[in-house]
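Peer 1:
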Amino acid sequence: MLVSVYRYNPEKDEAPYMQDYEITIPGGKDVMVLDVLHLVKEQDVSVAYRRSCREGVCGSDGMNINGKNGLACITPISEATKGKMDKLVLRPLPGMPVIRDLVIDMSLFYQQYEKIKPYLHNDTPAPAIERLQSPEERAKLDGLYECILCACCSTSCPSFWWNPDKFVGPAGLLQAYRFLADSRDTSTEERLAGLSDPFSVFRCRGIMNCVNVCPKGLNPTRAIGHIRNMLLSQQV
Amino acid sequence: MVNSVTNFGRSGLYDWVIQRLSAVILAIYTLFLFGFVVATPDLTFAEWHGLFSQVWMKVFSLAALISICAHAWVGMWTISTDYITGSTSLRFIFQLVMAGFLFTYLVWGIDILWSV
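See below:
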């Protein structure tokens, strides 16, 4: 199998380039893209990429696989090469500064995540054991808490490409709604006030690339719609 | 919170509401004009003139004219902040030219409507 990998080492290379590797997959099995990368690494130890849990939980190995963002560890090559013959093209997540090869600088992504204050605010006295939720209240967090911050969604979003310093991005906004929807959180007004400017939420144009690429099957566009509705009902 | 002095309503929510409301007005106006043309197969200048001479039509047309200016401003402002990020002065000049065009269209449009 032909694997084309984006290579860039700022200490050595003047410009990024694509390097091809011919990989033989043992037994011709339908392995994951991350397994293919390991085989590439056996050929060329200088190839750099992030990986950790190798089972779609840590979100380290987000990359652009044949034009679509995804996690290398849970994307089978059969799915990645669908309609593209036998070639695998691996690039770093788009729109972010490249540190080396497939490793990107996620600082802006984390700054946006930090901006939405992703932790529970509650100014009432803490109960003896825990803050209780009804099953219905807890159900509101389904589809929100599962995000692993792999950045596949935000780096596929044109609005985030153009304004990564001002637009929170789909991943951050999904988490913003996760706390807005939480019955135990008491900072709804403050959270909404921080999101009502022209960029943080409203730069979303409903392109839905985020929904298309999310490896966990989450829907940030729907969460952004809920935030808009909350802002609307608060201010109209 | 990200602040901006050049967007229309000074808040993302206002801009968003303005863009949606103006879109509804423009859709209704377009459908009305299309319906009028379809319902009047032998449209003459006298009938067209008669339609635009009525006060309600002037109000309706003015609402559509203001809507298109507001809608275009929000859209062009968004485009300028998406694509002209390298130079603040260039972005400001672009916004100024857009504002000039839209203001001219508005005054010109009112002049045309009230001259009927």
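Line order of the protein sequences matches chains A and B.
In short: position in the first sequence from 1, add 119, done, that's my numbering.
In short: position in the second sequence from 1, add 922, done, that's my numbering.
Ideal placement from N, C-alpha and C gives every residue a C-beta, glycine not left out.
Keep in mind the model is a prediction, meaning the values are calculated, not measured.
1) Short check: CB of F318(A) to CB of L239(A), under 8 Å?
2) Return the bridge partner residues of N188(A) from the DSSP annotation.
3) Are the segment 122 to 131 of chain A and the segment 215 to 223 of chain A touching, with three or more C-beta to C-beta distances below 8 Å?
4) Using a Cβ-Cβ cut-off of less than 9 Å, give me the residues of the segment 1002 to 1028 of chain B that come near chain A, in sequence order.
5) Can you tell me where the alpha helix (DSSP H) holding S123(A) begins and where it ends?
6) Given Y951(B), which residues of its chain have a CB within under 7 Å of its CB, disregarding the five upstream and five downstream residues?
7) Where S302(A) and F1014(B) are concerned, what is the direct C-alpha to C-alpha distance, given to the nearest angstrom?
8) Taking Cβ positions only, does R210(A) come closer than 8 Å to chain B?
9) Which residues of the segment 307 to 323 of chain A have a Cβ closer than 9 Å to any Cβ of chain B? Give them in chain order.
10) Thinking C-alpha only, which one of Q941(B), S933(B) and T1000(B) is nearest A992(B)?
11) What residues from the segment 960 to 985 of chain B come within 8 Å of chain A, judged by C-beta to C-beta, listed N to C?
12) Considering just the uninterrupted stretch of the beta strand (DSSP E) at V208(A), what are its terminal residues?
13) Have a look at A290(A), N328(A), E309(A) and K335(A) and flag the residue whose alpha-carbon is nearest the alpha-carbon of A342(A).
14) Rounded to the nearest angstrom, what separates C266(A) and A295(A) at their Cα positions?
15) Whose C-beta lies closer than 7 Å to the C-beta of F1016(B) among residues of the same chain, with five residues either side of it excluded?
16) List the endpoints of the continuous beta strand (DSSP E) containing I1015(B).
17) Hey, out of V355(A), L350(A), V330(A) and C333(A), whose CA is closest to L311(A)'s CA?
18) For the structure I just gave you, are there three or more beta carbon pairs, one from the segment 323 to 330 of chain A and one from the segment 269 to 282 of chain A, closer than 8 Å?
19) Taking L268(A) as the reference, give the member of V152(A), M182(A) and L156(A) with the closest Cα.
20) Any C-beta of chain A sitting closer than 8 Å to the C-beta of G934(B)?
21) How would you list, in chain order, the residues of chain A whose beta-carbon sits under 8 Å from the beta-carbon of W938(B)?
22) Mind the definition here: the segment 180 to 200 of chain A touches the segment 248 to 264 of chain A only if three or more C-beta pairs lie below 8 Å; say whether that holds.
23) Beta-carbon within less than 8 Å of P339(A)'s beta-carbon, same chain only, minus the 5 sequence neighbours each way: which residues are those?
24) Give the secondary structure of R219(A) by DSSP, where H, G and I count as helix, E and B as strand, and everything else as coil.
25) For my contact list, R169(A) and C192(A) are in at a C-beta cut-off of 8 Å; report their separation, rounded to the angstrom.
26) Just the Cα atoms here: how many angstroms apart are Y229(A) and G344(A)?
27) Is the separation between the beta-carbon of L190(A) and that of G175(A) shorter than 8 Å?
28) Looking at R257(A) and the ligand HEM, is the gap between the Cβ and the nearest heavy atom below 7 Å?
29) What residue range is occupied by the uninterrupted beta strand (DSSP E) comprising E141(A)?
30) Straight-line CA distance for L153(A) to D180(A)?
31) Measuring alpha carbon to alpha carbon, tell me which residue in R257(A), R322(A) and G313(A) is nearest S278(A).
32) Establish whether the CB of L293(A) and some CB of chain B are separated by less than 8 Å.
33) Should S989(B) be labelled buried (16 or more other beta-carbon atoms within 10 Å of its own) or exposed?
34) Taking only beta carbons into account, state which residues of the segment 178 to 191 of chain A come closer than 9 Å to chain B, listed in chain order.
35) Roughly how far, in whole angstroms, is the beta-carbon of V1038(B) from the beta-carbon of F974(B), given that I think they are within contact range, below 8 Å?
36) On the DSSP bridge list, what partners appear for P195(A)?
Peer 2: Well, looking at it:
1) For F318(A) and L239(A), no; Cβs fall outside 8 Å.
2) DSSP, once it has assigned bridges, lists N183(A) as partnering N188(A).
3) Cβ pair count under 8 Å is three or more, so yes.
4) Those residues of the segment 1002 to 1028 of chain B that come within reach of chain A (Cβ to Cβ, closer than 9 Å) are T1003, D1004, Y1005 and T1007.
5) First-last for S123(A): L121 to R126, but that is the beta strand (DSSP E), not the alpha helix (DSSP H).
6) Cβ contact annotation for Y951(B) (same chain, cutoff 7 Å, sequence separation greater than five): F982 and A986, in chain order.
7) Looking at the backbone, the Cα of S302(A) and that of F1014(B) are separated by about 43 Å.
8) Among the CB atoms of chain B, none fall inside 8 Å of the CB of R210(A).
9) Within the segment 307 to 323 of chain A, contact with chain B at the beta-carbon level (separation under 9 Å) is assigned to A312, G313, L314, S315, D316, P317, F318, S319, V320, F321 and R322.
10) Here the closest residue by C-alpha is Q941(B).
11) When C-beta distances to chain A are compared with 8 Å, every residue of the segment 960 to 985 of chain B stays at or above that value.
12) Segment K206 to R210, the beta strand (DSSP E) holding V208(A).
13) For the options A290(A), N328(A), E309(A) and K335(A), the alpha carbon positioned closest to that of A342(A) is the one of A290(A).
14) Distance between C266(A) and A295(A), taken at the CA atoms: about 12 Å.
15) Excluding the 5 residues flanking it on each side, F1016(B) has same chain C-beta neighbours closer than 7 Å at S1002 and I1006, in chain order.
16) Here I1015(B) belongs to no beta strand (DSSP E); instead the alpha helix (DSSP H) covers T1010 to S1037.
17) Its Cα nearest to that of L311(A), the residue L350(A) stands out among V355(A), L350(A), V330(A) and C333(A).
18) Flag = yes, the segment 323 to 330 of chain A and the segment 269 to 282 of chain A touch.
19) For the residues V152(A), M182(A) and L156(A), the minimum Cα distance to L268(A) belongs to M182(A).
20) Using beta-carbon distances, G934(B) counts as an interface residue toward chain A, with a partner under 8 Å.
21) For W938(B), the neighbours in chain A by C-beta distance under 8 Å run, in chain order, F321 and R347.
22) The answer is no - the segment 248 to 264 of chain A does not touch the segment 180 to 200 of chain A, with fewer than three Cβ pairs under 8 Å.
23) For P339(A), where only same-chain residues beyond five positions count, the Cβ hits under 8 Å are C272, P289, A290, L292, L293, C329, V330 and C333.
24) Under the three-state reduction of DSSP, R219(A) is assigned to strand.
25) Not quite, the Cβ-Cβ distance comes to about 11 Å (not below 8 Å), so this is no contact.
26) Roughly 22 Å between the two C-alpha positions.
27) Yes, these two residues count as a Cβ contact at 8 Å.
28) Of ligands this structure carries none, so the ligand HEM is not represented either.
29) It spans Y136 to E141 - the beta strand (DSSP E) in which E141(A) sits, taken as one unbroken run.
30) Approximately 8 Å, taken between the alpha carbons.
31) Checked all of R257(A), R322(A) and G313(A); the closest Cα to S278(A) is R322(A).
32) So, not an interface residue.
33) S989(B) comes out buried.
34) Cβ contacts with chain B: none found.
35) V1038(B) to F974(B), Cβ: 4 Å. Contact.
36) P195(A) pairs with M151(A).
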